[in-house]
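Numbering-wise, the sequence shown is residues 42 to 244 according to my numbering.
Glycine included, each C-beta is placed from N, C-alpha and C at the ideal position.
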Amino acid sequence: MNRTAGLKPCAALAVVIIVATVAQPLSAAITIAAQVRVEAPEGGEVDPLSAPAGIKAIVFLFTSTDCPISNRYAPEVRRLATRFGPQGVLFKLVYPNPADDRRAILEHMAAFAYAGATQALRDPKHALVKFTGVAVTPEAAVYAGGRVVYHGRIDDRYVDLGLERPAAQVHDLADALTAIVAGQSVKNPVTQAVGCYIADFKR
């Protein structure tokens, strides 16, 4: 079992929406983005930032097969993908744990009904982890227009480790995506996450 990251009250899962880095010029961010490569589950390097025409944003949801909090968010991730997919938002699951091989990922996708709703990527060298700045699973990053516009939790359902609300009161990721597809700025661009430390995954 992986060590988990706790937060102050009202901090839950993280999600990162990328639109360059706030601190970097757009040209520098694009240059860095061009160097990011991850793996397809079946093998071979792929560009995680590539997307079909008409896509307004990519949501990278960092997950792992054995993180309980990640797995409990599967229904919400599927709902978000169903809601925002038709609006030009592409969801991609990212597995940063090197121990999650092709078979484990495919079994996980099937067990939690991710297949067909999201794409899967492996990030065993943590190239995308470093690019997005995520630290735990589950944590998400949304890429839109070449910069980071939001990173943080999916919602505020998890207040801390072992402390869960009956239902989320603030839907941070959904609110951010609603703003993005409407061409508006995200009001709360940074939140924090509760989950399993990516740094604890053995490489």
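In the structure shown, the three-state DSSP call for Thr232 is coil.
Secondary structure note for His192: its beta strand (DSSP E) is the uninterrupted segment 188 to 193. Within a 10 Å sphere around the beta-carbon of Leu202 sit fewer than 16 other beta-carbons, which makes this residue exposed. By the criterion of at least three beta-carbon pairs nearer than 8 Å, the stretch 198 to 217 is not in contact with the stretch 166 to 173.
Shown here, Lys133 sits in a strand according to DSSP, grouped into three states.
Apart from the 5 residues on each side of it in sequence, Leu147 sits with its Cβ closer than 7 Å to the Cβ of Pro82 in its chain, given in chain order. In this structure, Phe132 sits away from Ala145, with a CB-CB distance that is not shorter than 8 Å. Counting C-beta atoms within 10 angstroms of its own C-beta, Asp213 has 16 or more neighbours from the protein chains shown and is therefore classed as buried. One thing to note: Phe125 has its Cβ no nearer than 8 Å to the Cβ of Tyr184. In the DSSP assignment, Glu180 falls within the beta strand (DSSP E) that extends over 180 to 185.
Taking C-alpha positions only, Asn138 is separated from Gly95 by approximately 31 Å. Every unbroken stretch of the beta strand (DSSP E) spanning 3 or more residues and falling wholly within the stretch 90 to 132 is given here in chain order: 98 to 103. Collapsing the DSSP output to three states places Asp201 in a strand. For Arg163, the uninterrupted beta strand (DSSP E) run begins and ends at 160 to 163, by DSSP. The beta carbon of Asn229 lies closer than 6 Å to none in the same chain, with the five residues before and after it left out. Counting the other Cβ atoms within 10 Å of the Cβ of Ala223 gives fewer than 16, which makes it exposed. Minimum Cα-Cα distance from Gln225 among the listed residues Asn112, Ala98, Gly85 corresponds to Ala98. Minimum Cα-Cα distance from Ser111 among the listed residues Arg78, Arg198, Pro93, Thr173 corresponds to Arg198.
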